[in-house]
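For reference, the structure discussed in these notes is given below.
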Amino acid sequence: MTALVTVLWKDLLIEWRARSRAFSLATFALTVLLLFSFAVGPDTATMRAHAGAYLWLSLLLSSTLLLAQSFHVEVESNAIETVMLAPTAPAAVFYGKALANTAQLVALGLVALPATVALYDASFREGVGLMLPVLALGAAGLAAPGTLYAALTGRMGARQLLLPLLLFPLVVPCLLASVKATTLVMLGDPMTQLPSWLRLLASFDLLYWAVCGVLFGRVIEQ
Amino acid sequence: MSEPAPTPAISARQLCRRFGRRWAYARIDLDLMPGERLLVVGANGSGKTTLLRTLATVLRPSQGELRLFGLDPRAHPSRVRPRLALLGHRLGLYEDLSARDNLSVVARLASKPPPDAAALLARVGLDDRPDPVRAYSAGMRKRLQVAALVVQEPDLILLDEPFSALDPAGVDDLAALLVGLPGALVVASHQIARAAEICDRALLLDQGQQVWAGPARQAVSAWRQLHPRAAAEPLPAEGGA
Amino acid sequence: MKSIRWEHFVLAFGLVLLGVAHAWGLFYAPPEAMMGDVGRILYVHVPTAWVGLVAYTAAFVAAIGALWTGRTGWDAGIEAFAEVGVVYNALLLFQGSVWARPTWGIWWTWDPRLTTSAVMLLLFVAVLVLRRTVESPEQRLTVSAVATIIAWVDVPVVYFAVKWWRTLHQDFSSPETVSNTMVSPLRLAAFGMLFLGIGIAALRWRSAYVRLADQSDAPELPDAPAQLHLHPDREA
């Protein structure tokens, strides 16, 4: 357990020390939101209706950069080997990193929210506070398989191509559910569908956090 | 009344490791008692690094039997790995963190008490700077690697080319430090004469197989006999801190 | 000279069964009550779906075996069964699309059954891409096995999608939902497709095994070298 906390602390410390990277990532996410607003056109009604989709697409695209970077720090100078030899249980490394990635994605989402409001004339009928669980569950759904696949592709030459190829189909259900939930929070939920979408997200998260945790050990060992 | 025989730190029988169709090393037999120091000598590509990484449990042997502290590292990784430490070709630490932060991380993961970073860094000839390690020179990185090793308080130390990137003063400092460390030691080095001074025994590898074993003081002669045209000492490292 | 093996017989048998089943379904079975003749796609589409899922499940089992034992046989299984599954999956989406146009008026729609089936195809295509990209045999085995296991999680989701959500797609095809006159050709077609799939997969497995074994099975150990004996006068 303490190994997990150490890995989590270490990852967040690294991202804090190298925070210029975080600024670049936030800029990327905001740029994507901006590009979507140009591409979709000036009709405010359409943009408001689909604001949730653009938010999550922006987060999804940013996540590939974030996840790749999170594993890059491990292989850059082979720190991962020192970690594994300490010894550290692979599951502790996985869950520590996945939690760190989830936290960063949630932070990115929070940064993107004001931009979404500004660019898409979005409002939060059900209260902006509800966005926190939606962001948390959605980010967790991206982070778990993403951490596993970043480790899988991290040492390969074609990693920039392979990570999205592997990750995107897998997170389609998570993306769908997150977008639906976000749209309900933004546009209103008269039939109280939000809890069932959150439940779906939560079960997806639970499943993948379990399966990916188990498989991570095989991916990391040589 | 006789004492029970001490458990060897390393006990290897007919170790072989291949990558695809190429054997990196084959038929390695090795015994190392606690406190003993072994020098592994061989040309580039002779299998030294792969062998050391196998002894460090980073790689598994393709064939053969390996026991560390009397245990099978595959069956008892959590009992074997805390007792060993590897100094490899690459830094093995986080470029974005400072020296002190890196030592903290290593100590915590190895379940060791928090290190006195300033003292430890001074011991290896480094200042306790807040800069990220990314800015360090090759010589400074090597010294930090040694500090990270000491933090783990290992019973078995494996060093892969520890003297590379160090200037002559650095080589002397490191040799003196290594002599003072308890535990068994395996060193792979091209600086044969210098490394032989701190070791008891030596092993010569040629194309992955052992061709000679004997006292460390004969290592230079053995090397010269196998490679008559090669120098026994590379030139001192240029640059450094 | 290529020898004739059991796989060829199985394949031929499957083709014969399919031929009979499809002839029956196309010409002799009654048209579907609501769809008319277009409904005859049932005899092709449903068996394709079933056998595709079976192939993916076989790949999943092979992936577990590969991670557990590391043996080439399982490694070849991942490759062969995932490939067969992908072919069936792609055919499935194509057939469905061809049927959907006259029936629903559209080539495609985003409903749970269709979406998860498309995702499943992409996931297993990714497995095949990984197998082509990774060069080291050990790494390729681990990487593709992990990706296969994760991809397979979608298989039960695809199967049960029609039960868990309200979808445009039909419910399970079983004796409860399919009328008597159509169940028999359907069953026959299913077995035909199954044998066809087994034959193809086995042939594919054999060629994959030969290729992989050649790459990764242990070569002979080199001869033990002559030991060096130090000349006594050369001691430093």
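Residue numbers (our numbering), protein chains in the order written: chain A, 1005 to 1226; chain B, 59 to 299; chain C, 52 to 287. No residue lacks a Cβ here, since even glycine has one placed at the ideal position from N, Cα and C. Computed from a predicted structure; not experimentally measured.
If you compare alpha carbons, which of A:Arg-1052, A:Leu-1198, A:Trp-1013 is closest to B:Val-163? A:Trp-1013
Run through the stretch 208-274 of chain C for me and flag every whole alpha helix (DSSP H) of 4 or more residues, listed as ranges in chain order. 231-267
Interface residues of chain A facing B:Asp-159 [CB-CB closer than 7 Å]: Leu-1017
Run the CB neighbour count on A:Pro-1094, radius 10 Å, all protein chains shown included, and call it buried at 16 or more, exposed below. buried
Do A:Leu-1071 and A:Ala-1140 have their C-beta atoms closer together than 8 Å? no
Three-state secondary structure (DSSP) of A:Ile-1224: helix
Please report whether the beta-carbon of C:His-96 lies at a distance below 8 Å from any beta-carbon of chain B. no
Looking at the structure shown, is B:Ile-250 part of a helix, part of a strand, or coil, going by DSSP? helix
A:Gly-1221 to B:Gly-105 span [Cα, whole Å]: 26 Å
I need the boundaries of the alpha helix (DSSP H) containing A:Phe-1032, first residue and last residue. 1024-1044
Along the chain, where does the alpha helix (DSSP H) containing C:Arg-182 start, and where does it finish? 163-184
By how many angstroms is the C-alpha of C:Glu-58 removed from the C-alpha of C:Ala-72? 21 Å
Is the distance from the Cβ of A:Ser-1067 to the Cβ of A:Leu-1179 below 8 Å? no
Can you tell me the Cα-Cα spacing of B:Leu-167 and C:Phe-242, whole angstroms? 56 Å
Alpha-carbon to alpha-carbon, A:Tyr-1124 and A:Leu-1191: 12 Å
Would you identify the three-state DSSP class for C:Gln-278, choosing helix, strand or coil? coil
Where B:Val-244 falls: helix, strand or coil (DSSP): strand
Can you confirm whether B:Ser-195, when its beta carbon is compared against all beta carbons of chain A, has any partner nearer than 8 Å? no
Measuring CB to CB, does C:Leu-172 end up less than 8 Å from C:Leu-144? yes
Can you grab the Cα-Cα spacing for the pair B:Val-269 / C:Pro-188, in whole Å? 30 Å
Proximal residues of chain E, C-beta to C-beta of A:Pro-1091 below 9 Å: Among the chains of the structure shown, chain E does not appear; the protein chains present are A, B and C.
Of the residues A:Val-1215, A:Ser-1074, A:Arg-1203, which one's Cα is nearest the Cα of A:Leu-1167? A:Ser-1074
Taking only three categories from DSSP, how would you classify C:Asp-205? helix
Among B:Pro-66, B:Pro-62, B:Trp-81, B:Ala-157, nearest to C:Ala-269 - alpha-carbon criterion: B:Trp-81
Just to confirm before moving on: does the CB-CB distance between C:Leu-281 and B:Ala-280 stay below 8 Å? yes
Pairwise C-alpha distance: A:Ala-1148 and B:Asp-130: 32 Å
Using a Cβ cut-off of 7 Å, which residues of the stretch 1006-1032 of chain A contact any Cβ in chain B, in chain order? Ala-1007, Thr-1010, Lys-1014, Leu-1017, Ile-1018, Arg-1021, Ala-1022
Since A:Pro-1149 is in the alpha helix (DSSP H), which residue starts that stretch and which ends it? 1135-1157
Can you name the residues that DSSP bridges to B:Trp-81? B:Arg-76
Indicate whether C:Glu-227 and C:Arg-182 have their beta-carbon atoms separated by less than 8 Å. no
Quick one: complete alpha helix (DSSP H) runs, 4+ long, within the stretch 55-79 of chain C? 57-74
Report buried or exposed for C:Phe-203, applying the criterion of at least 16 other Cβ atoms within 10 angstroms of its Cβ. Correcting the residue type first, residue 203 of chain C is Trp in the shown sequence and not Phe. Buried.
Short Cβ contact (8 Å threshold) for C:Ala-80 with C:Thr-232: yes
Chain-ordered residues of the stretch 63-81 of chain B with a beta carbon less than 9 Å from chain C: Cys-74, Arg-76, Phe-77, Gly-78, Arg-79, Arg-80, Trp-81
Taking all protein chains shown into account, decide if A:Trp-1020 is buried (16 or more other Cβ within 10 angstroms of its Cβ) or exposed. exposed
Between C:His-59 and chain B, is the shortest Cβ-Cβ distance under 8 Å, so that the two count as touching? no
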